[in-house]
Amino acid sequence: MSGSRAAIIAIENVHKAYGDLKALNGVSLQICQGECFGLLGPNGAGKTTLLSCIEGLISFQEGRISVDGYEVAHHRRKVKSMLGVQLQDETLFTDLTALEAVQFYGALYNTFPSRAEALALLERFDLAEKRNARIGTLSGGQQKRLTLALAMVHDPAIILLDEPTTGLDPQARHHIWDIVRRLRSEGKTIILTTHYIEEAEILCDRVGIIDRGQILALGAPRELIERMGNLSTVRASLRLPAEKLEQLRAAAYVQSLSSDDGLLSVQTSDPQRVLTLLEEIGKETGTRPQNVSIRQPNLEDVFLSLTGRSLGPVD
Ligand code: ATP
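Quick note: the sequence shown uses my numbering, first residue 395, plus one each step.
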């Protein structure tokens, strides 16, 4: 994808420090026109900081960012007109109705939508029937959809979404995913940040894995997973003597294994052969593997293999 489409955002060697803390430590990245790009990383990785730098909301000490050829540091107003931004904790005026909010935001962007245009925008985000509801009475999912609608009030080409589904229930999350897919099919360029593996895998054409202010890996989700050698994880409850664990570990198709309090976890290129071997060893030792599961590799495994840590809980 990056080879076949023009870059619309170019980020070159950006450094942003808060005192000694390097929030961004030499980030270079190109976002292609029309792609949905995901920044995936744990709390404090630098995702919001990077979006804020692109938006021109904060300055940075080193590097350059340009949007459609306009350098952010010198063309803030122009860049702002091209971006639709949904902040992580957007504060909305809870006493306004959804329709009033669209018209208010429209005025902020100098677009002054008519009532009919404001209604059409709400309709695109499945909020038409809530047009006269006060924002304070909307559900979490509806409020998120409204902030998305408000980000689109000036019809920007590029949309930046900072954790668009954090805190939402699965149904509300899927609703947002549908909207993001629709925006992408309309040709918008989308950058979103997320902690959710599934969200990154399902929505994004490419993902940048970010940790401690650095991009550790970049590519299509499948490509990143395949780079790991497509290892699956077999898990089973099975207590094995040390020599049997070694026998398992020595198998050519076993990449690594851990055994913790009777819970065996095996990373392997051939899960079926591991299962067969476990059955055989189980017979020899008079035990049977219980609670067996096979998990396909995902971006969590990529993060784990890059950092030695898991992505961790979502705040
Ligand atoms: P989260 O998923 O929790 O939102 P994030 O990946 O968006 O995390 P950032 O908000 O970009 O992370 O923060 C990156 C680092 O910079 C963190 O260590 C954070 O504490 C620090 N940081 C961010 N803003 C400031 C600030 N204004 N002053 C000092 N440190 C800051």
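By construction, the Cβ of each residue, glycine as well, lies at the ideal position given by its N, Cα and C atoms. Note that the structure is a prediction, hence the values are computed from the model and not measured.
Closer than 8 Å by C-beta to SER704: which residues in its own chain qualify, once you throw out the five before and the five after it? Chain order, please.
These residues qualify, in order along the chain: GLU694, PHE697 and LEU698.
Mind checking HIS569: buried by the 16 CB within 10 Å criterion, or exposed?
Label assigned to HIS569: buried.
In angstroms with no decimal places, state the Cα-to-Cα distance between LEU651 and LEU625.
Between LEU651 and LEU625, the C-alpha separation is close to 12 Å.
In whole angstroms, what is the alpha-carbon distance linking LEU577 and GLU637?
C-alpha separation (whole angstroms): 56 Å.
Around the C-beta of GLY397, are 16 or more other C-beta atoms found within 10 angstroms, so that it is buried, or is it exposed?
Per-residue confidence for GLY397 stands at a pLDDT of 47, beneath the threshold of 50, marking its modelled position as unreliable; the derived number appears in the next sentence. With fewer than 16 other Cβ atoms within 10 Å, it is exposed.
Residues in the same chain with beta-carbon distance under 8 Å from ILE459, minus the five sequence neighbours each way, listed in chain order, please.
Only ILE403, ALA404, ILE405, GLU406, VAL408, CYS447, ILE448, GLU465, VAL466 and ALA467 meet the Cβ criterion.
Can MET622 and PRO691 be called in contact, C-beta distance under 8 Å?
Going by C-beta atoms, MET622 is nearer than 8 Å to PRO691.
DSSP three-state label for VAL421, please.
Correct three-state label for VAL421: strand.
What did DSSP end up calling ALA411 once you bin it into helix, strand or coil?
Strand, per DSSP.
Does DSSP put THR662 in a helix, in a strand, or in coil?
DSSP places THR662 in strand when its eight states are reduced to three.
List in chain order: all unbroken alpha helix (DSSP H) runs of 4+ residues lying wholly within the segment 521 to 578.
The segment 521 to 578 contains these whole alpha helix (DSSP H) runs: 534 to 545.
State buried or exposed for VAL708, treating a residue as buried only when at least 16 other CB atoms are found within 10 Å of its CB.
For VAL708, the predicted structure reports a pLDDT of 47, less than 50, and the residue's modelled location is therefore unreliable. The matter cannot be settled from this model.
Can you tell me whether ALA594 is helix, strand or coil according to DSSP?
Helix at ALA594.
Would GLN536 be called buried (16 or more neighbouring beta carbons within 10 Å of its own) or exposed?
Per the 10 Å Cβ criterion, buried.
Which one of LYS474, ALA644 and ALA401 has the shortest CA to CA distance from GLY428?
Of the candidates LYS474, ALA644 and ALA401, the one whose C-alpha sits nearest the C-alpha of GLY428 is ALA401.
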